[in-house]
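Read through the structure below, which is laid out as structure tokens, and then see the notes.
Numbering (UniProt numbering), first residue to last: 1 to 710.
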């Protein structure tokens with residue numbers, strides 16, 4: 001028997017060596033674990049007492065892949081020699097080409113390097129509903145342990161490309177249908193069946209399958225190459241194309257040649273800025289649930305199984321959808337039958353959208369919809385665990401709702417508001433339940449957008465925060481805990497993004513050029529097309545809110561109001577900065593230039609009344625550096641727990657490109673001193689909108705990063 005902290009090996013009387021990975025919580029592969037795994041294989045292969053090997057994971061989990069700290073260390077030192085030699089040294093030389101067969105006994109999940117180890121085995125036995133996948137592209141790299149070569153040979157080129165490009169998991173049942181899994185058994189039978197299969201292979205009763213040598217699932221070479229050609233047209237980002245190139249190498253030159261190229265490309269990608277940024281987002285997302293003084297004081301989350309949603313408009317129906325899709329019972333409260341019917345119809349439409357996208361079938365949709373109950377009576381809320389208020393931004397209406405639910409609901413019921421503009425202290429002013437009031441700010445559409453801001457007041461109970469953090473994870477949302485302030489973390493940090501483009505337009509910068517620069521950077525929409533889509537009323541309301549809260553640095557432009565006065569309402573009436581005709585692609589409407597010129601005349605901020613000359617890079621900086629600046633104020637005021645929470649807010653709440661690592665991580669890669677100097681010069685030239693924050697000034701003076709770490 002061999003044992004170390006993360007790998008054990010036990011040789012049974014049947015001649016099977018059981019090698020077990022045990023590194024909680026996901027049995028991740030550290031450098032030492034991989035070395036010990038290799039040593040165990042060598043010992044088993046050389047032992048006369050061993051006929052075959054079974055590879056398993058402890059505690060009902062097979063393996064979650066390479067320990068992320070290995071890649072962190074590579075990034076820290078910029079040294080790829082710190083990566084393990086697992087692809088050739090372990091999987092090819094010991095597992096596949098060793099003298100004794102091994103069988104993977106998969107339970108729970110086999111992800112990333114874990115699935116790659118399993119594919120290097122002679123066979124794979126799994127329990128039902130185990131998750132299988134290669135998510136590496138989501139982290140900026142490609143699989144590095146043979147996954148790009150073995151997966152196509154086991155499931156076919158088309159399905160392998162789909163799994164790799166999407167980074168999505170499949171179940172063991174689907175894996176069985178595809179040929180990735182050889183048999184599905186109960187957890188009680190798993191090791192017994194795996195041992196029997198290993199012996200059957202060793203003694204010639206079952207074939208010994210070397211997946212790297214398989215070609216039958218690849219099909220004709222020209223068909224596989226055509227699949228890759230089609231994929232290149234859909235996946236144009238460099239790392240995706242690199243992955244497709246590696247797959248092609250294996251198809252043309254053989255699996256071993258493909259493995260060698262995979263290793264080379266993996267090492268090139270792992271030190272890229274994209275890999276560093278995406279790894280930061282991954283780690284920062286995991287850190288958002290750690291709140292000092294809340295999640296570290298031994299509180300156990302209470303179960304939230306039944307929730308009331310008050311208000312069934314766009315946001316309320318979206319919230320109700322998000323809840324029932326996560327198997328939460330919902331009571332949807334409206335003020336009359338007409339509004340209630342409309343709300344339920346909206347929920348049905350949302351669910352039908354999931355069906356259309358293949359996320360639900362009709363039977364599951366019916367079962368999901370059965371979790372929704374509509375009501376006009378507050379009495380039906382008496383046994384709910386939480387109430388989420390989602391009505392219009394009307395102070396007195398929200399206050400009266402909280403008064404009413406306090407009279408009906410239990411003393412432990414959590415009272416939440418989805419407000420994005422009104423202070424929670426004001427909303428709960430008339431109640432005596434301040435300790436169980438908080439904000440749950442979801443983003444529209446609530447059933448699709450991943451971010452949730454959990455807004456705490458000075459009196460919100462830590463228990464309530466712990467409860468809601470757990471609850472948002474059940475909804476498969478990404479929570480960040482923030483303090484109560486105008487705009488919270490996301491809208492507060494990004495309010496300059498609403499105003500910066502207008503400021504540039506009033507300085508004479510072409511609005512369509514601004515949109516092009518921003519979308520080329522990686523935002524899904526340019527700021528002016530975003531105004532068209534969200535609606536000018538929402539834009540003007542947001543500007544009004546922030547002008548009232550921060551009059552010293554808000555920029556006020558007449559541009560949008562002039563658009564409205566000229567009969568333009570954006571996509572709503574088909575006429576905005578762009579024209580919208582029958583669902584066709586928006587087209588730039590250059591006639592709006594006259595409206596922009598009128599706005600320039602009224603604001604009169606362009607030096608000498610003439611358009612300024614700027615590069616594309618300067619446009620990008622003049623729009624996003626003020627966002628960094630405001631985020632610095634949010635950090636300084638303690639609105640967020642940590643700077644990396646702003647990164648998650650930017651990526652999931654405002655769709656800032658995840659490859660950058662988020663707004664603060666991106667800022668640190670540019671340099672705080674540079675950002676400060678640019679803002680200072682623009683402040684002198686164009687006014688207080690660009691005035692550097694105290695936090696940024698101090699960081700630049702002391703040579704400290706802005707804080708993109710977790």
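Cβ atoms here follow ideal geometry from the backbone N, Cα and C, with glycine treated the same way.
These numbers were taken from a predicted model, which means no experiment stands behind them.
Quiz item: Residues in its own chain within less than 6 Å of residue 52 by CB, not counting five upstream and five downstream?
Solution: Cβ within range, chain order: 16, 100, 101, 198, 199, 202.
Self-check item: Local Cβ density within 10 Å of residue 150, reported as buried at 16 or more and exposed below that
Solution: Taking a 10 Å sphere around the C-beta of residue 150, we find 16 or more other C-beta atoms and assign the residue as buried.
Quiz item: Grouping DSSP H, G and I as helix and E and B as strand, with all else coil, what is residue 180?
Solution: Note: residue 180 maps to coil in three-state DSSP.
Self-check item: Beta-carbon contacts of residue 339 that lie in its chain and below 7 Å, excluding the five residues immediately before and after
Solution: Excluding the 5 residues flanking it on each side, residue 339 has same chain C-beta neighbours closer than 7 Å at 312, in chain order.
Quiz item: Quick one: what does DSSP say residue 554 is sitting in, helix, strand or coil?
Solution: Residue 554 falls in the coil class under three-state DSSP.
Practice problem: Give me the Cβ distance between residue 469 and residue 295, rounded to the nearest whole Å; I'm assuming they're in contact under 8 Å. | Solution: A Cβ-Cβ distance of about 7 Å is found for the pair residue 469 and residue 295, placing them in contact under the 8 Å criterion.
Quiz item: Assuming residue 148 contacts residue 219 under a Cβ cut-off of 8 Å, what Cβ separation, rounded to an integer in Å, is found between them?
Solution: The beta-carbon distance between residue 148 and residue 219, rounded to whole angstroms, is 17 Å. This is too long to meet the 8 Å contact definition.
Quiz item: Under three-state DSSP, which class holds residue 579?
Solution: Here residue 579 sits in strand by DSSP.
Practice problem: Counting only runs of 3+ residues fully inside the stretch 465-490, write out the beta strand (DSSP E) ranges in chain order. | Solution: DSSP runs (the beta strand (DSSP E)) wholly in the stretch 465-490: 478-483.
Quiz item: Exposed or buried, residue 357, counting other C-beta atoms within 10 Å across all chains shown (16 or more means buried)?
Solution: By the beta-carbon neighbour count (other beta carbons within 10 angstroms, threshold 16), residue 357 is exposed.
Practice problem: Mind the definition here: the stretch 448-468 touches the stretch 581-599 only if three or more C-beta pairs lie below 8 Å; say whether that holds. | Solution: A contact is defined here as three or more CB-CB pairs under 8 Å, and the stretch 448-468 fails this definition with respect to the stretch 581-599.
Quiz prompt | Expected contact under 8 Å - CB spacing of residue 641 and residue 291 to nearest Å | solution = Contact holds; Cβ gap of about 6 Å.
Quiz item: Is it the case that the CB of residue 609 approaches a heavy atom of the ligand COA more closely than 7 Å?
Solution: By its list of ligands, the structure shown contains no ligand whatsoever, and the ligand COA lies outside what it can speak to.
Practice problem: Could you check what DSSP says for residue 393 in three-state terms: helix, strand or coil? | Solution: The answer is coil: DSSP assigns residue 393 none of H, G, I, E or B.
Quiz item: Can you tell me whether DSSP reads residue 329 as helix, strand or coil?
Solution: Correct three-state label for residue 329: strand.
Quiz item: What three-state label does DSSP hand residue 699 in the structure shown?
Solution: Residue 699 falls in the helix class under three-state DSSP.
Quiz item: If you draw a straight line from the C-alpha of residue 407 to the C-alpha of residue 701, how long is it?
Solution: Whole-angstrom Cα-Cα distance: 55 Å.
Practice problem: Assign residue 362 to buried or exposed, taking buried as 16 or more other Cβ atoms, counted over all protein chains shown, within 10 Å of its Cβ. | Solution: That one is exposed.
Exercise. Compare the C-alpha of residue 38 against each of 58, 50, 9 and name the closest.
Key: Nearest option by C-alpha distance: 9.
Quiz item: Ordered along the chain, which non-local residues of its own chain (more than five positions away) have a Cβ less than 6 Å from that of residue 172?
Solution: Answer for residue 172: 126, 130, 181, 184, listed in chain order.
Quiz prompt | Run of the alpha helix (DSSP H) containing residue 245, from where it starts to where it stops | solution = Boundaries of the alpha helix (DSSP H) around residue 245: 238-253.
Practice problem: Going by CA-CA distance only, name the one from 601, 688, 643, 497 that's closest to residue 668. | Solution: When only C-alpha atoms are compared, the closest one is 643.
Quiz item: Nearest to residue 122 by CA position, among 140, 136, 113, 96, is which residue?
Solution: Nearest of 140, 136, 113, 96 to residue 122, Cα basis: 96.
Practice problem: Report the three-state DSSP secondary structure of residue 1 (helix, strand or coil). | Solution: Residue placement at residue 1 is flagged as unreliable, the pLDDT there being 48, under the threshold of 50; the coordinate-derived value follows with that caveat. Taken through DSSP and simplified to helix, strand or coil, residue 1 comes out as coil.
Exercise. Note down the Cα distance separating residue 82 from residue 412, rounded to an integer number of angstroms.
Key: Roughly 52 Å separates the two Cα atoms.
Quiz prompt | Proximity to residue 489 [Cα-Cα], best of 473, 613, 635 | solution = Of the listed residues, the one whose Cα sits closest to residue 489 is 635.
Quiz prompt | Close-in-space but distant-in-sequence residues of the same chain around residue 524 (CB under 6 Å, 5 per side omitted) | solution = Taking residue 524 as the centre and dropping the five residues before and after it, the same chain places the C-beta of 655 closer than 6 Å to its C-beta, in chain order.
Quiz item: Can you tell which of 416, 463, 298 has its C-alpha closest to the C-alpha of residue 441?
Solution: Distances from the alpha-carbon of residue 441 to those of 416, 463, 298 put 416 closest.
Self-check item: Cβ neighbours of residue 307 in the same chain (closer than 8 Å, five flanking residues each side left out)
Solution: If we look at residue 307 and ignore the five residues flanking it on each side, its Cβ neighbours are 323, 328, 329, 330, 331, 384, 385, 386, 387, 388.
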